[in-house]
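J.:
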Amino acid sequence: IRWQAEPEAIKYNVYIQNESYEDVLYTTLPASQTSLTLPNLPAGSEKDITVKYVYLDYDNEENESYVGSGDFRTLPGKVTNVRQEKWWYFIEQFEATWDDQSGADGYEVIIKTTKGKTIKSGSTYGNKVSCSKISNQKIYTVQARAYSTINGQKYYGEWSDKAYCFTQPRIKTLKKSGKKITVKWGKVEGATGYDIYVSTKPKTGYKKVKTVKANKTSYTITQIGKKKLSAKKKYYVYIATVKKVGGRRYDSGKLYYWDTKSGANSFNYF
């Protein structure tokens, strides 16, 4: 950051705005210094900075006067943590998101099938994208990159790693008999496994009771952690699809859950 020297300045105060939109003194510089470097900032970050000069008035007391302010940004970096947020089975649509870069003007996104066919591409201002008219029988990849226009020039960050998006399995059978729950679900093509979750509450408290391989589409639940199931309680169940690619683990997340009283005939949304 650079500014023009003020002849009356005896020093400069540099302020940075905090999350409450208050200017907080960052540093004080001698009058001979008219530039400042802020080191070790993350890529794609943003700082609102104000510089004021300090001068002596007629009573020889210090006063401040405005030099300038601006919204300063670092160049965009590689987008991280691209992930599936929701997959709507019945309307065949999914939503993906990623970690926001506060200094980015927007993001370019590309969505493909695993065979490389582009389904959707374009720009978005927020850190999420939705994709419709997809197939519940397919797996899709999502990549994003940030961009910013700084001093009239457009800069792009590196493309993110591929994230894999796919549907949550549909539960076909959910039966409770005594202290056991039998659950069966539909196979998801391309999955490498399934996570099975159970809770005594509809929207919270879920515990993963088992991860099974892709060739298995049923499981009998007898306990949550070290605690055996109760014959008198109603339980809530959902399954998440799992896919492992290159040492990284992706899952479908959760949108639907079932309960042992209604069985597979009825479901609810998180």
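Heads up, the sequence shown stops at 273 in this note's numbering, and the numbers go up one at a time, no gaps.
Glycine residues also receive a C-beta, built at the ideal position from the N, C-alpha and C atoms.
(1) Does the Cβ of Ile-230 have 16 or more other Cβ atoms within 10 Å, making it buried, or fewer, making it exposed?
(2) Rounded to a whole number of angstroms, what is the C-alpha to C-alpha distance between Lys-14 and Leu-32?
(3) For Arg-148, which of Cys-134, Lys-141, Ala-166, Lys-120 has the nearest alpha-carbon?
(4) Where does Asn-268 sit, in a helix, a strand or coil, going by DSSP?
(5) Give, in chain order, every unbroken run of the beta strand (DSSP E) that is at least 3 residues long and sits entirely within the segment 49–80.
(6) How should Ile-199 be labelled, buried or exposed, when 16 other C-beta atoms within 10 angstroms of its C-beta is the threshold for buried?
(7) How would you write the range of the beta strand (DSSP E) that Asp-26 sits in, first residue to last?
(8) For Tyr-128, is the classification buried or exposed, using 16 other Cβ atoms within 10 angstroms of its Cβ as the cut-off for buried?
(9) Is Val-245 helix, strand or coil when you go by DSSP?
(10) Rounded to whole angstroms, what is the Cα-Cα separation between Pro-42 and Thr-30?
(11) Nearest CA to the CA of Phe-273: which residue from Ile-224, Asp-74, Trp-261, Asn-130?
(12) Determine the closest residue to Val-240 out of Arg-252, Trp-6, Lys-264, Tyr-253, with distance taken between C-alpha atoms.
(13) State yes or no: is the C-beta of Pro-45 within less than 8 Å of the C-beta of Tyr-150?
(14) Start and end of the beta strand (DSSP E) containing Ala-166?
(15) For Gly-62 and Asp-51, what's the separation of their Cα atoms in angstroms?
T.: Straight from the coordinates:
(1) On the sequence shown, residue 230 is found 227 positions in, with the first residue counted as 1. Reading the sequence as shown, one finds Lys at residue 230 and not Ile. Burial call: exposed.
(2) In the sequence shown, counting from the first residue as 1, residue 14 sits at position 11. In the sequence shown, counting from the first residue as 1, residue 32 sits at position 29. When rounded, the distance between both Cα atoms is 6 Å.
(3) Start at 1 with the first residue of the sequence shown, and residue 148 comes out as number 145. Nearest to Arg-148 by C-alpha distance, out of Cys-134, Lys-141, Ala-166, Lys-120, is Ala-166.
(4) Here the question's residue 268 lines up with position 265 in the sequence shown. Strand at Asn-268.
(5) Unbroken beta strand (DSSP E) stretches of 3 residues or longer found wholly inside the segment 49–80: 49–59, 65–76, given in chain order.
(6) Here residue 199 is taken as the residue at index 196 of the sequence shown, counted from 1. Under the 10 Å beta carbon count, Ile-199 is surrounded by 16 or more other beta carbons and is classified as buried.
(7) Walking along the sequence shown from the start, residue 26 turns up at place 23. Counting along the chain, Asp-26 sits inside the beta strand (DSSP E) bounded by residues 26–33.
(8) For the purposes of this step, residue 128 is identified with residue 125 of the sequence shown, where counting begins at 1. Residue environment for Tyr-128: exposed (fewer than 16 other C-beta atoms within 10 angstroms of its C-beta).
(9) By one-based count along the sequence shown, residue 245 stands at place 242. If DSSP states are grouped into helix, strand and coil, Val-245 belongs with the strands.
(10) For the purposes of this step, residue 42 is taken as residue 39 along the sequence shown, with counting starting at 1. For the purposes of this step, residue 30 is taken as residue 27 along the sequence shown, with counting starting at 1. About 13 Å.
(11) As a working note, residue 273 is residue 270 in the sequence shown. Of the candidates Ile-224, Asp-74, Trp-261, Asn-130, the one whose C-alpha sits nearest the C-alpha of Phe-273 is Trp-261.
(12) Residue 240 sits at position 237 when you count from the first residue of the sequence shown. If we check each option's Cα against that of Val-240, Lys-264 comes out closest.
(13) Position 42 of the sequence shown, counted from the first residue, corresponds to residue 45. Position 147 of the sequence shown, counted from the first residue, corresponds to residue 150. The answer is no: Cβ separation not under 8 Å.
(14) Your numbering for residue 166 matches position 163 in the sequence shown. For Ala-166, the enclosing beta strand (DSSP E) begins and ends at 166–168.
(15) The sequence position of residue 62 within the sequence shown is 59, counting from 1. The sequence position of residue 51 within the sequence shown is 48, counting from 1. The amino acid occupying residue 62 in the given sequence is Asp; Gly does not appear at that position. Their Cα atoms are separated by approximately 33 Å.
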